[in-house]
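In what follows, a structure is listed as structure tokens, so that the remarks can point back to it.
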RNA sequence: GGCGCUAUCGUCUAACGGUUAGGACGGAGCCCUCUCAAGGCUUAAAUACGGGUUCGAUUCCCGUUAGCGCUACCA
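Residue numbers (the working numbering): 97 to 569.
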């Protein structure tokens, strides 16, 4: 039974790339009847924030893909230290007494790669113990066997066989001088302890995996299978970041704009993964059924957004697809939070706009005239039908006033009455409908007229026609 | 700089070494039609470059170029 984990560090809002990583882990777990573990990797006390923790929970809960187990890394420090000292005990790590402040960026200068602080890895055990006993602060570093000719080797489920010469790996830290574990140590210690079988994460960790393999080996644990995911990029080729790309990288932005959670999940799945059978729109069950590590691509994927169009066109299309696929009543319920109207009215309006919105939020602009007490001001010229004039518009509206006063106020009743009226006036049906549509909706493009009139009701419709006639006088 | 990874239409992607290089979104056009959508049909659009290997390379190998990632006592 596979056990997978998503291990975000709570140092910012939930990123769409992180959401995708979570989704892939979740799908892998469900596809293989495994366990999905959420673990907060909060060993960086300096940068952790409560707001970030909330953002992560909010985002993940919205996706509606529940996890099975939850852990907080900060509550497992004893385990991490135990693993670190066990590695030290085997002689595979050493104390580095170099003051923390010195030479961070200078280490890896243009000269070449920084590998270790000279002198420290050669310190005798006695000397090391003596200085530690004397209270001198130190970091614990992994002793990479760079004097050996070999390499660290592992097989990535996505990228295949990976190897890196020992000589190219630096002596990375396991424990900081304040005794806190580093990410590398804590992550591996926890993965081993939680019996994680597959580490599915972003490709930015591919290089780190060599270090992790070393830690698992040193700790005497069998390393999980690594599966690295291609990264999500911005159209400018840069890694997505809130700083430069704004809120489009945050999951909550999608939620607030009215993406259906599953449509969002569906979209993210198509970035860097393919079922290889041209399927695009898929239900959750289908995704679980189709998801495999073999389907994961190796090249980075760009999320195609611009300043004018903050959402990828394909994301929008998929959302519209899923909206259309919803039962009308269900969609009405989803729409409710976006608009000041009761459930009854919403259910009546929904069928009229279901095929016309890409985002739930679009209901605010597409259906505004249903909720507005008073129509937004429009130009009287809008009332004039194609190949007609103001006089025709007025004639149409005056006739409509009579017809609507008496007609049966249903889709079919209205259509019959209005078409007959057009014939009576000797004009095309379109010329009849156009002025009425504008009078009633305040604009030329709107949902189908008869259903709209029905939903609006006789009183409102007549009132708006009256106002339009006044505009023409 | 060192190391690692990647490279098919604008974007997401498909293609046991043998296809007219397929699909989707978006674009253009047509049809349908009370406007707008939705739907249907048609269309433009890609194998980064150079060498190999092979009867034959999108596919395998090498190089170049470009991009990304890692190179912290961040994760």
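Note that beta-carbon positions come from the ideal geometry of N, C-alpha and C, so glycine has one too.
Contact belief for residue 418 with residue 356 at Cβ below 8 Å, rounded distance in angstroms = Counting from one through the first chain, the residue named residue 418 turns up at place 322. Counting from one through the first chain, the residue named residue 356 turns up at place 260. With a Cβ gap of about 5 Å, residue 418 and residue 356 count as contacting.
The stretch 493 to 503 / the stretch 511 to 520 touching (three or more Cβ pairs under 8 Å) = yes
Taking just the CA atoms, how far does residue 490 sit from residue 520?
-> In the first chain, counting from the first residue as 1, residue 520 sits at position 424. In the first chain, counting from the first residue as 1, residue 490 sits at position 394. When rounded, the distance between both Cα atoms is 15 Å.
Cut-off 6 Å between Cβ atoms - residues of its own chain near residue 161, not counting five sequence neighbours on either side = Here residue 161 refers to the residue found at position 65 when the first chain is read from its first residue. Cβ within range, chain order: 122.
Exposure label - residue 488; buried when at least 16 CB within 10 Å | Counting from 1 along the first chain, the entry for residue 488 is found at position 392. With 16 or more Cβ atoms within 10 Å of its Cβ, residue 488 is classed as buried.
Looking at C-beta atoms only, is the number of pairs between the stretch 373 to 392 and the stretch 337 to 352 that lie closer than 8 Å three or more?
-> no
Comparing alpha-carbon positions, which option in 557, 135 and 352 lies nearest residue 434?
-> If you number the first chain from 1, residue 434 lands on position 338. The residue among 557, 135 and 352 with its C-alpha nearest the C-alpha of residue 434 is 352.
Should residue 461 be labelled buried (16 or more other beta-carbon atoms within 10 Å of its own) or exposed?
-> For this step, residue 461 is matched to residue 365 along the first chain. Exposed: under 16 other Cβ atoms inside 10 Å.
In chain order, what residues of the same chain have a beta carbon less than 6 Å from the beta carbon of residue 285, not counting five sequence neighbours either side?
-> As a working note, residue 285 is residue 189 in the first chain. Hits under 6 Å: 175, 176 and 179.
Could you pull the start and end residues of the beta strand (DSSP E) that residue 130 belongs to?
-> Position 34 of the first chain, counted from the first residue, corresponds to residue 130. Element bounds for residue 130: n/a, residue is neither H nor E.
Taking the alpha-carbon positions, what's the residue 540 to residue 561 distance?
-> Locating residue 540 in the first chain gives position 444, where the first residue counts as 1. Locating residue 561 in the first chain gives position 465, where the first residue counts as 1. The alpha-carbon atoms of residue 540 and residue 561 are separated by roughly 15 Å.
Quick one: what does DSSP say residue 204 is sitting in, helix, strand or coil?
-> The residue labelled residue 204 in the question sits at position 108 within the first chain. For residue 204, the predicted model reports a pLDDT of 44, less than 50, meaning its position is unreliable; a value from the coordinates is still stated below. Reduced to three states, the DSSP call for residue 204 is coil.
C-beta atoms of residue 448 and residue 543 nearer than 8 Å | The residue labelled residue 448 in the question sits at position 352 within the first chain. The residue labelled residue 543 in the question sits at position 447 within the first chain. Their beta carbons are under 8 Å apart, which means residue 448 touches residue 543 by this criterion.
Please state whether DSSP places residue 327 in a helix, a strand or coil.
-> Your numbering for residue 327 matches position 231 in the first chain. DSSP places residue 327 in coil when its eight states are reduced to three.
In terms of alpha-carbon separation, which member of 250, 565 and 117 lies closest to residue 327?
-> Translated into the one-based positions of the first chain, residue 327 becomes position 231. When only C-alpha atoms are compared, the closest one is 117.
For residue 394, which of helix, strand or coil comes out of DSSP?
-> Translated into the one-based positions of the first chain, residue 394 becomes position 298. Residue 394 falls in the coil class under three-state DSSP.
Thinking just about the alpha-carbon of each residue, which of 132, 259, 127 and 136 is nearest to the one in residue 104?
-> Here the question's residue 104 lines up with position 8 in the first chain. The option with the nearest alpha carbon to residue 104 is 136.
How is the beta strand (DSSP E) around residue 168 delimited, first residue to last?
-> Taking the first chain and counting its residues from 1, one reaches residue 168 at position 72. Per DSSP, residue 168 belongs to the beta strand (DSSP E) from 165 to 168.
Segment contact flag, the stretch 247 to 259 with the stretch 316 to 336, C-beta cutoff 8 Å, min 3 pairs = yes
Alpha carbon to alpha carbon, how far is residue 465 from residue 299?
-> Position 369 of the first chain, counted from the start, is the residue given in the question as residue 465. Position 203 of the first chain, counted from the start, is the residue given in the question as residue 299. In a straight line, the C-alpha of residue 465 is about 48 Å away from that of residue 299.
Pairwise C-alpha distance: residue 241 and residue 221 = Counted from its first residue, the first chain places residue 221 at position 125. Counted from its first residue, the first chain places residue 241 at position 145. Looking at the two C-alpha atoms, the distance is approximately 17 Å.
Considering only residues of the same chain and omitting the five flanking positions on each side of residue 451, which have a CB-CB separation below 7 Å?
-> Counted from its first residue, the first chain places residue 451 at position 355. The beta carbon of residue 451 is closer than 7 Å to those of 420 in its chain, skipping five residues each way along the sequence.
Nearest-angstrom Cα distance between residue 446 and residue 485?
-> In the first chain, counting from the first residue as 1, residue 446 sits at position 350. In the first chain, counting from the first residue as 1, residue 485 sits at position 389. When rounded, the distance between both Cα atoms is 34 Å.
Let me know the secondary structure DSSP gives residue 287 once reduced to three states.
-> Taking the first residue of the first chain as 1, we reach residue 287 at position 191. Correct three-state label for residue 287: helix.
Tell me whether residue 166 is buried or exposed, calling it buried when 16 or more other Cβ atoms sit within 10 Å of its Cβ.
-> Position 70 of the first chain holds residue 166. Exposed, because fewer than 16 other Cβ atoms sit within 10 Å of the Cβ of residue 166.
Considering only residues of the same chain and omitting the five flanking positions on each side of residue 472, which have a CB-CB separation below 7 Å?
-> By one-based count along the first chain, residue 472 stands at place 376. Cβ neighbours of residue 472 beyond the five flanking positions: 538.
Between the beta-carbon of residue 393 and the beta-carbon of residue 369, is there less than 8 Å?
-> For the purposes of this step, residue 393 is taken as residue 297 along the first chain, with counting starting at 1. For the purposes of this step, residue 369 is taken as residue 273 along the first chain, with counting starting at 1. Yes. Within cutoff.
Please name the residue or residues paired with residue 53 in a DSSP beta bridge.
-> Outside the modelled stretch of the chain, which goes from 97 to 569, sits residue 53, for which no answer is possible.
Grab the span of the alpha helix (DSSP H) containing residue 502 for me, first residue to last.
-> Your numbering for residue 502 matches position 406 in the first chain. Element bounds for residue 502: 486 to 502.
Would you mind stating whether residue 129 and residue 155 have Cβ atoms separated by less than 8 Å?
-> Position 33 of the first chain, counting from 1, holds the residue named residue 129. Position 59 of the first chain, counting from 1, holds the residue named residue 155. No, the pair does not count as a contact, with Cβ atoms beyond the cut-off.
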